[in-house]
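Q: My questions will all concern the structure given below.
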DNA sequence: CCTGTTATTGACATTACGTCAATAGACACG
DNA sequence: CGTGTCTATTGACGTAATGTCAATAACAGG
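Right under this line is the structure:
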């Protein structure tokens with residue numbers, strides 16, 4: 001008897017919505033976004049496919065909500081960057097700290113973040129949220145920090161603060177996705193250390209010169 | 001009279017194939033890959049949609065062929081990197097040279113390269129060709145160059161050659177796509193100079209220290 | 001035990017895909 | 001010039017996934 005889903009069950013909307021989000025996350029831990037279909041997510045919830053549309057406009061809306069859940073963690077990086085004072089030694093420490101936190105977020109939520117990044121290529125709305133709500137936001141934060149450090153004489157004046165910020169942020173995003181964004185491949189502690197060390201080296205050498 | 005495509009016309013296979021590739025390129029100069037449908041490409045050729053499948057397996061096969069057309073240009077960067085001697089001053093010049101050539105390729109073929117990068121998120125075969133046939137190839141080339149420079153004492157020993165290469169290559173790819181990959185936005189000479197300067201600054205400071 | 005609300009779903013319309021047998025250009029040959 | 005052959009081309013079909021909606025049935029409150 002295939003398709004026997006048992007008797008109907010009625011949940012509170014909020015509960016059903018959470019179940020769908022959880023199912024999507026679980027799905028993306030196993031398979032990439034390109035294979036994620038509405039049906040494929042909904043079978044994991046015990047609900048029918050049309051039920052999905054009672055809670056989400058489409059799968060891109062779903063992805064956007066997943067991003068909201070993680071977004072908060074990355075927003076925390078904003079003020080870490082901005083809060084640091086502009087005196088020599090501290091600037092580097094603040095940077096390393098923020099990089100470590102960012103890397104950890106990618107270790108924890110790699111596949112989901114990867115899915116969001118992929119979905120940005122599929123849908124204009126997701127691209128909007130991802131690019132302007134996350135990436136661009138980080139670029140602005142990092143850029144203003146670089147700008148301050150340049151004015152304070154800690155960082156070299158040849159750097160264009162905003163462009164340098166954009167290049168470094170994009171590097172960090174793609175490099176971390178490359179390292180931690182594949183489903184079914186938990187990185188070892190050693191791998192994580194090498195990845196983090198590489199990012200630190202490039203950021204520090206670019207902004208503050210040799211260690 | 002919609003749909004009137006006039007009398008059938010018969011072309012030589014090679015000619016039809018070139019027409020399709022050209023139509024795809026033209027399409028991607030105007031609209032992103034996510035909107036590219038087989039029908040949308042074929043109307044520009046005067047052929048019917050099914051004709052497409054006589055020449056390409058699907059639109060990802062088409063994208064792969066487009067990449068082949070540009071790939072040669074980027075392969076040239078391989079040996080630029082490797083051919084350079086390992087004496088101090090020259091290493092930097094070779095790097096700057098290769099960066100400039102790479103940037104120019106993105107200026108010339110930005111939207112197509114962007115489409116290929118997007119398509120890599122859609123299809124496993126395209127991802128394979130893009131990641132392993134292009135990105136990874138550049139990573140290896142750059143990595144072995146860095147390795148040589150580290151051994152020669154030109155670059156700092158803290159760098160992990162392969163990982164540093166990967167981070168820098170990914171940065172360059174995404175940053176150039178960001179700058180030159182949007183359809184309908186030809187970059188000004190000034191913009192190009194800023195983008196190129198930023199890349200140069202990060203690469204040089206990372207690998208060879210302050211200018 | 002009813003009854004109204006609403007979460008849930010079966011069934012439908014749509015779009016893009018990939019295939020294939022049938023059609024009709026163009027060239028070769030008489 | 002016919003005329004026949006080859007094959008580029010296409011109409012028509014089956015499939016997969018999407019998004020919608022009227023009908024259904026689970027649960028809460030009386």
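Protein chains in written order, with full-length UniProt numbering: chain A, 1 to 211; chain B, 1 to 211. Think of the CB as a built atom: it goes at the ideal place given N, C-alpha and C, for glycine as much as any other residue. Source: prediction; values computed, not measured.
(1) Pull out every residue of the segment 36-64 of chain B whose Cβ sits closer than 9 Å to any Cβ of chain A, in chain order.
(2) Between residue 187(A) and residue 28(A), is the Cβ-Cβ spacing less than 9 Å?
(3) Any beta carbon from chain B within less than 9 Å of residue 163(A)'s own beta carbon?
(4) What is the rounded straight-line gap between the Cα of residue 163(B) and the Cα of residue 12(A)?
(5) Can you list the residues of chain A that residue 66(B) reaches, using a CB-CB cut of under 8 Å?
(6) Around the C-beta of residue 157(A), are 16 or more other C-beta atoms found within 10 angstroms, so that it is buried, or is it exposed?
(7) By the criterion of Cβ-Cβ separation under 7 Å, what are the contact partners of residue 198(A) in chain B?
(8) Using the three-state DSSP reduction, which class does residue 158(A) fall into: helix, strand or coil?
(9) I need the DSSP call for residue 153(B), collapsed to helix, strand or coil.
(10) Taking 8 Å as the limit between beta carbons, can you name the residues of its chain near residue 102(A), skipping five residues before and five after?
(11) Just reading off the alpha helix (DSSP H) that residue 28(A) is part of, what are its end residues?
(12) Considering only the alpha carbon of each residue, which of 39(B), 131(B) and 64(B) lies closest to residue 52(B)?
(13) Give every residue of the same chain whose Cβ lies closer than 7 Å to the Cβ of residue 203(B), excluding the five residues on either side of it in the sequence, and list them in chain order.
(14) Counting only C-beta atoms, is residue 117(A) closer than 9 Å to chain B at any point?
(15) Using beta carbons (cut-off 9 Å, strictly below), is residue 33(B) in contact with chain A?
(16) Which residue from 15(A), 19(A) and 192(A) puts its Cα closest to that of residue 107(A)?
(17) Below 8 Å on the Cβ atoms is my guess for residue 180(A) versus residue 119(A); work out the distance and round it to an integer in Å.
(18) Please list, in chain order, all residues of the same chain as residue 59(A) whose beta carbon is under 7 Å from its beta carbon, the five residues on each side excluded.
(19) Against chain A, with Cβ distances strictly below 9 Å, would residue 170(B) count as a contact?
(20) If you run the structure through DSSP and keep just helix, strand and coil, what is residue 2(B)?
(21) Specify, as a first and last residue, the run of the alpha helix (DSSP H) that residue 198(B) falls within.
(22) Let's test the definition: count the other Cβ atoms within 10 Å of the Cβ of residue 93(B) and tell me whether it reaches 16, buried, or not, exposed.
(23) Taking CB distances under 9 Å as the criterion, tell me whether residue 108(B) reaches chain A.
(24) Note down, in chain order, every chain B residue with its Cβ under 7 Å from the Cβ of residue 129(A).
(25) Could you give the distance in angstroms between the alpha-carbon of residue 194(B) and the alpha-carbon of residue 195(A)?
(26) Would a check of beta-carbon distances place residue 202(A) closer than 9 Å to chain B?
(27) Buried or exposed, going by whether 16 or more other CB atoms sit within 10 Å of the CB of residue 48(A)?
(28) Alpha carbon to alpha carbon, how far is residue 126(B) from residue 31(B)?
(29) With C-beta atoms as the reference, is residue 207(A) less than 9 Å away from residue 135(A)?
(30) Taking Cβ positions only, does residue 189(A) come closer than 9 Å to chain B?
(31) Is the separation between the beta-carbon of residue 70(A) and that of residue 123(A) shorter than 9 Å?
(32) How many angstroms separate the CA atom of residue 197(B) from the CA atom of residue 80(B)?
(33) Going by alpha carbons, who is nearest to residue 189(B) out of 139(B), 159(B), 112(B) and 104(B)?
(34) Can you find a C-beta in chain A that's less than 9 Å from the C-beta of residue 2(B)?
(35) Once the 5 residues before and after residue 205(B) are set aside, which same chain residues still bring their CB inside 7 Å of it?
(36) Nearest to residue 23(B) by CA position, among 14(B), 42(B) and 7(B), is which residue?
A: In short:
(1) none
(2) no
(3) yes
(4) 48 Å
(5) Those within 8 Å of residue 66(B) in chain A number zero; the least Cβ separation is about 16 Å.
(6) exposed
(7) 160, 163, 164 and 167
(8) coil
(9) coil
(10) 74, 77, 172 and 176
(11) 13-30
(12) 39(B)
(13) 95, 99 and 168
(14) yes
(15) yes
(16) 192(A)
(17) Between residue 119(A) and residue 180(A) the Cβ distance is about 17 Å, and since that is not below 8 Å, they are no contact.
(18) 36 and 38
(19) yes
(20) Only weak support exists for where residue 2(B) lies, its pLDDT of 43 falling under 50; the value from the coordinates is given anyway. Of the three classes helix, strand and coil, the one that applies to residue 2(B) here is coil, per DSSP.
(21) 189-208
(22) exposed
(23) no
(24) Going along chain B, no residue has its Cβ under 7 Å from residue 129(A), so there is no contact; the nearest lies around 15 Å.
(25) 28 Å
(26) yes
(27) exposed
(28) 19 Å
(29) no
(30) no
(31) no
(32) 19 Å
(33) 104(B)
(34) Confidence at residue 2(B) is low in this model, with a pLDDT of 43, below 50, so its placement is unreliable and the value that follows should be read with caution. With 9 Å as the cut-off, residue 2(B) does not count as an interface residue toward chain A.
(35) none
(36) 42(B)
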